[in-house]
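Novice:
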Amino acid sequence: ARSQSSLGQGLLSLLSREHLDEDTWEEIEDTLLTADVGVAPTQELVERLRTRVKVLGTRTPTELRELLRDELVQLIGPDMDRSLSTTRSAEGRPAVVLVVGVNGTGKTTTTGKLARVLVADGRQVVLGAADTFRAAAADQLQTWGERVGAQIVRGPEGGDPASVAFDAVKEGIALEADTVLVDTAGRLHTKTGLMDELGKVKRVVEKHGPVSEVLLVLDATTGQNGLVQARVFAEVVDITGIVLTKLDGTAKGGIVVAVQRELGVPVKLVGLGEGADDLAPFEPEAFVDALVGE
Amino acid sequence: MFDTLSDRLAATFKNLRSRGRLSEADIDATAREIRIALLEADVALPVVRAFIKQVKTRALGAEVSQALNPAQQVIKIVNEELVGILGGETRRLRYAKQPPTVIMLAGLQGAGKTTLAGKLGRWLRNQGHAPLLVACDLQRPNAVNQLSVVAERAGVAVYAPQPGNGVGDPVQVAKDSIEYARTKQFDVVVVDTAGRLGIDAELMQQAADIRDAVSPDEILFVVDAMIGQDAVTTAQAFLDGVGFDGVVLTKLDGDARGGAALSVAQVTGRQVMFASNGEKLDDFDAFHPDRMASRILGMGDVLSLIEKA
Ligand SMILES: Nc1nc2c(ncn2[C@@H]2O[C@H](COP(=O)(O)OP(=O)(O)OP(=O)(O)O)[C@@H](O)[C@H]2O)c(=O)[nH]1
Ligand SMILES: Nc1nc2c(ncn2[C@@H]2O[C@H](COP(=O)(O)OP(=O)(O)OP(=O)(O)O)[C@@H](O)[C@H]2O)c(=O)[nH]1
Ligand SMILES: [Mg+2]
Ligand SMILES: [Mg+2]
Numbered sequence: 002a003r004s005q006s007s008l009g010q011g012l013l014s015l016l017s018r019e020h021l022d023e024d025t026w027e028e029i030e031d032t033l034l035t036a037d038v039g040v041a042p043t044q045e046l047v048e049r050l051r052t053r054v055k056v057l058g059t060r061t062p063t064e065l066r067e068l069l070r071d072e073l074v075q076l077i078g079p080d081m082d083r084s085l086s087t088t089r090s091a092e093g094r095p096a097v098v099l100v101v102g103v104n105g106t107g108k109t110t111t112t113g114k115l116a117r118v119l120v121a122d123g124r125q126v127v128l129g130a131a132d133t134f135r136a137a138a139a140d141q142l143q144t145w146g147e148r149v150g151a152q153i154v155r156g157p158e159g160g161d162p163a164s165v166a167f168d169a170v171k172e173g174i175a176l177e178a179d180t181v182l183v184d185t186a187g188r189l190h191t192k193t194g195l196m197d198e199l200g201k202v203k204r205v206v207e208k209h210g211p212v213s214e215v216l217l218v219l220d221a222t223t224g225q226n227g228l229v230q231a232r233v234f235a236e237v238v239d240i241t242g243i244v245l246t247k248l249d250g251t252a253k254g255g256i257v258v259a260v261q262r263e264l265g266v267p268v269k270l271v272g273l274g275e276g277a278d279d280l281a282p283f284e285p286e287a288f289v290d291a292l293v294g295e
Numbered sequence: 277m278f279d280t281l282s283d284r285l286a287a288t289f290k291n292l293r294s295r296g297r298l299s300e301a302d303i304d305a306t307a308r309e310i311r312i313a314l315l316e317a318d319v320a321l322p323v324v325r326a327f328i329k330q331v332k333t334r335a336l337g338a339e340v341s342q343a344l345n346p347a348q349q350v351i352k353i354v355n356e357e358l359v360g361i362l363g364g365e366t367r368r369l370r371y372a373k374q375p376p377t378v379i380m381l382a383g384l385q386g387a388g389k390t391t392l393a394g395k396l397g398r399w400l401r402n403q404g405h406a407p408l409l410v411a412c413d414l415q416r417p418n419a420v421n422q423l424s425v426v427a428e429r430a431g432v433a434v435y436a437p438q439p440g441n442g443v444g445d446p447v448q449v450a451k452d453s454i455e456y457a458r459t460k461q462f463d464v465v466v467v468d469t470a471g472r473l474g475i476d477a478e479l480m481q482q483a484a485d486i487r488d489a490v491s492p493d494e495i496l497f498v499v500d501a502m503i504g505q506d507a508v509t510t511a512q513a514f515l516d517g518v519g520f521d522g523v524v525l526t527k528l529d530g531d532a533r534g535g536a537a538l539s540v541a542q543v544t545g546r547q548v549m550f551a552s553n554g555e556k557l558d559d560f561d562a563f564h565p566d567r568m569a570s571r572i573l574g575m576g577d578v579l580s581l582i583e584k585a
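One line per chain: the protein sequences are A and B, in this order.
Following the working numbering, the numbering of the first sequence begins with 2 at its first residue and continues without gaps.
Following the working numbering, the numbering of the second sequence begins with 277 at its first residue and continues without gaps.
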């Protein structure tokens, strides 16, 4: 009942307004800020909109919303390549996907879901449990492997993650698998030791040949810290795509607007739940619609 | 762009510095900068608004200080208000008169509940208690294993009668754990639960059922310090769905400002009791409102200067 009345009120206030007053602009700003878009990108967007409104002679809040949607879609880059390289190379090596991010964002779950998609597509997948640190992390990935039908390579608890990753790719090559998905331990971007370790995991894997994808897993509930995370991970392991998880909650994931604006790395996938099938391609228009709340 | 609030304010106040009184214009200029700083620290927008309003009212009525310039004076007020909302003195855990004391953990997926269970276990053990960790996340792959390993590392006991991974009834486990603790003489029970979303009515009901099965002395809402504007919605949903008595802020070892601390405290009236600041079992501390205030504002140095004045 509550949501109905607030929707009703929202519509009423929209219908009763025929021109753009300061309240309308403030609403736009609030929408962006409460979606975690961030102060600077929000102010920049609103400035751009103000200019466009003057030029175009936009007069109604509805038209303004359309313009806003348009600007946001542009920012997110509607034409970016969001495909994943998961097929064997010309030389017959499996594609290698490295999954990275801070603690608890959904890396292991995303690895499992991604394996599910690939296996369902008839590919052979090997999982590398390069999180040798967190309690039962390898068991968790193994359960996912059993669930979706992918083989797992794991090492001793507390062992060297780079060598587990190396072995996983070696196993993938031996089995002539299509894709090797390497799950890594969660690490805060501020921990230089752990970030160095991650850099090493990538370098060691590259002894077999180039890595196809490095996916940064970002939690949609993350606030402004997400941008800093993306910056540092991009520096250390050169990320090729972002997975935005937990979008099934109430968070809008607006931080990826700033991330894409600054780093130009596309969001490729979204996580929509804890189940094996809750992974979907990122769709800029749908994302923006949810962000501006219509 | 300025990095810290102190830089911003220094620029704003360059030409106001010599004046001794707080004018409305001074306060407005400062308020704008503080608004931005709070938003960048991920304090939720409605909380920022209410907060700024409160600060303005107080600043306008404030007595003119001899020792501080106008900017410093406003910041002093801001800091006091922040610490006030964050809870002045840290509250201690409430223990039951009749053991076992029951502590239930709840929060979003991946917030740090299971890790916290281990940390609490270790901390309680070091204080002479005999804690029991209870595995009520029977949903996430290998959550039960994880808790068992964590308990072993902490050197405390675990009650994990069900394998998990979708098998077993968490409410039943919760219920049985109390009887188990009584017979085996554990005096504190820490109930680890599955992560859940605020909008997941079914899982929220499950949390409420677990609560009713164990009648906790403390329900702790565990929240990631990196969370953004969604903190208020989520905190409110957990407050309505299960209720909670205290808050634990996790992953404070990163560089997130942690504005959620303010959002959650303001919206729910519940204090942050503990800070979790690392992956290891000893990375755990009581929460310090004053440190958090300067972290949110990003101006520790300025604050200590002002406090001396
Ligand atoms: N609602 C929801 N929960 C998710 C999603 N993705 C992952 N989770 C949950 O988030 C929690 C953490 O997921 P993990 O996959 O263990 O995260 P991780 O990044 O591997 O964590 P660490 O390895 O400890 O850093 C689990 O409870 C998952 O079930 C999602 O898209 N939606
Ligand atoms: N850096 C850091 N990592 C933490 C902290 N607390 C927990 N973690 C890490 O965050 C990740 C998730 O922690 P868990 O304890 O599994 O979180 P959870 O709330 O039990 O997750 P679910 O049961 O899946 O909902 C793990 O990688 C932990 O090691 C902390 O204070 N600092
Ligand atoms: Mg993991
Ligand atoms: Mg857990």
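Note that beta-carbon positions come from the ideal geometry of N, C-alpha and C, so glycine has one too.
Predicted model, so just to flag it, every value in this text is computed and none were measured.
Tell me whether Val38 (chain A) sits in a helix, a strand or coil according to DSSP, three-state version.
Specialist: Of the three classes helix, strand and coil, the one that applies to Val38 (chain A) here is coil, per DSSP.
Novice: From the DSSP secondary-structure annotation, give me the bridge partner or partners of Pro439 (chain B).
Specialist: Paired residues: none, contrary to the question.
Novice: Pick helix, strand or coil for Gly129 (chain A), following the three-state DSSP scheme.
Specialist: strand
Novice: Could you run through the stretch 318-331 of chain B and flag, in chain order, every residue whose CB is less than 7 Å away from some CB of chain A?
Specialist: Asp318, Leu321
Novice: Take Thr25 (chain A) as the anchor and find which of A:Leu57, A:Leu273, A:Pro62 has the nearest alpha-carbon.
Specialist: The option with the nearest alpha carbon to Thr25 (chain A) is A:Pro62.
Novice: Cβ of Gly574 (chain B) less than 8 Å from any chain A Cβ?
Specialist: no
Novice: If you follow the beta strand (DSSP E) that Leu182 (chain A) is in, where does it begin and where does it stop?
Specialist: 180-185
Novice: Specify the secondary structure class of Val354 (chain B) as computed by DSSP and reduced to three states.
Specialist: helix
Novice: Do the stretch 221-228 of chain A and the stretch 245-260 of chain A touch if we need at least three Cβ pairs shorter than 8 Å?
Specialist: yes
Novice: Taking just the CA atoms, how far does Ala406 (chain B) sit from Leu280 (chain A)?
Specialist: 42 Å
Novice: Around the Cβ of Leu57 (chain A), are there at least 16 other Cβ atoms within 10 angstroms (buried) or fewer (exposed)?
Specialist: exposed
Novice: Along the chain, where does the alpha helix (DSSP H) containing Val212 (chain A) start, and where does it finish?
Specialist: Run containing Val212 (chain A): none; DSSP gives neither H nor E here.
Novice: What number of angstroms, rounded off, separates the C-alpha of Gly517 (chain B) from the C-alpha of Ser491 (chain B)?
Specialist: Taking the straight line from one Cα to the other gives about 15 Å.
Novice: Val268 (chain A) and Phe283 (chain A) - do their beta-carbons sit closer together than 8 Å?
Specialist: Yes, Cβ-Cβ distance for Phe283 (chain A) and Val268 (chain A) is below 8 Å.
Novice: When the Cα atoms are used, what is the spatial distance from Trp399 (chain B) to Ala131 (chain A)?
Specialist: 30 Å
Novice: To the nearest whole angstrom, what separates the beta carbons of Leu128 (chain A) and Ile153 (chain A), a pair I think is in contact under 8 Å?
Specialist: 4 Å
Novice: Please classify Ser491 (chain B): does DSSP put it in a helix, a strand, or coil?
Specialist: coil
Novice: Based on the DSSP output, what are the partners of Ser552 (chain B) in its beta bridges?
Specialist: B:Phe560
Novice: Taking the alpha-carbon positions, what's the Ile495 (chain B) to Glu309 (chain B) distance?
Specialist: 36 Å
Novice: Restricting to runs no shorter than 3 residues, where is the beta strand (DSSP E) found entirely within the stretch 366-447 of chain B?
Specialist: Listed in chain order, the complete beta strand (DSSP E) runs (minimum 3 residues) inside the stretch 366-447 of chain B are 377-383, 407-412, 433-435.
Novice: Using DSSP's beta-bridge definition, name the partner residues of Asp468 (chain B).
Specialist: B:Ala411
Novice: Below 9 Å between beta carbons is the criterion; list the residues of the stretch 375-403 of chain B that meet it against any residue of chain A, in chain order.
Specialist: Leu384, Gln385, Gly386, Ala387, Gly388, Thr390, Thr391, Gly394
Novice: Could you please give me the residues that DSSP links to Gly522 (chain B) through a beta bridge?
Specialist: Within the DSSP bridge table, the entry for Gly522 (chain B) names B:Leu496, B:Gln547 as partners.
Novice: Go through its chain and collect everything with a Cβ distance to Met277 (chain B)'s Cβ below 7 Å, but skip five positions before and after it.
Specialist: Since pLDDT at Met277 (chain B) reaches only 38, below the 50 mark, its modelled position is unreliable, and the value read off the structure follows with that caveat. So the list is empty, once near-sequence residues are dropped.
Novice: Below 8 Å on the Cβ atoms is my guess for Ala274 (chain B) versus Val498 (chain B); work out the distance and round it to an integer in Å.
Specialist: Since the displayed chain B opens at 277 and closes at 585, residue 274 (chain B) lies outside it and no answer follows.
Novice: My output table needs one value for Asn345 (chain B): the three-state DSSP class, helix, strand or coil.
Specialist: Asn345 (chain B) falls in the coil class under three-state DSSP.
Novice: Please decide whether Asp531 (chain B) counts as near chain A, where near means a Cβ-Cβ distance under 8 Å.
Specialist: yes
Novice: Please determine if the stretch 92-106 of chain A and the stretch 227-243 of chain A are in contact, where contact requires at least 3 C-beta pairs separated by less than 8 Å.
Specialist: yes
Novice: Using a Cβ-Cβ distance under 8 Å, would Gly504 (chain B) count as near chain A?
Specialist: yes
Novice: Starting from the beta carbon of Trp316 (chain A), find every residue of chain B whose beta carbon is closer than 8 Å, and list them in chain order.
Specialist: What the structure shows of chain A is the stretch from 2 to 295, and residue 316 (chain A) is not part of that stretch, so it cannot be assessed.
Novice: Would you kindly work out how many angstroms separate the C-alpha atoms of Pro285 (chain A) and Lys55 (chain A), rounded to a whole number?
Specialist: 26 Å
Novice: Would you list the residues sitting across from Leu280 (chain A) in a DSSP beta bridge?
Specialist: A:Gly272
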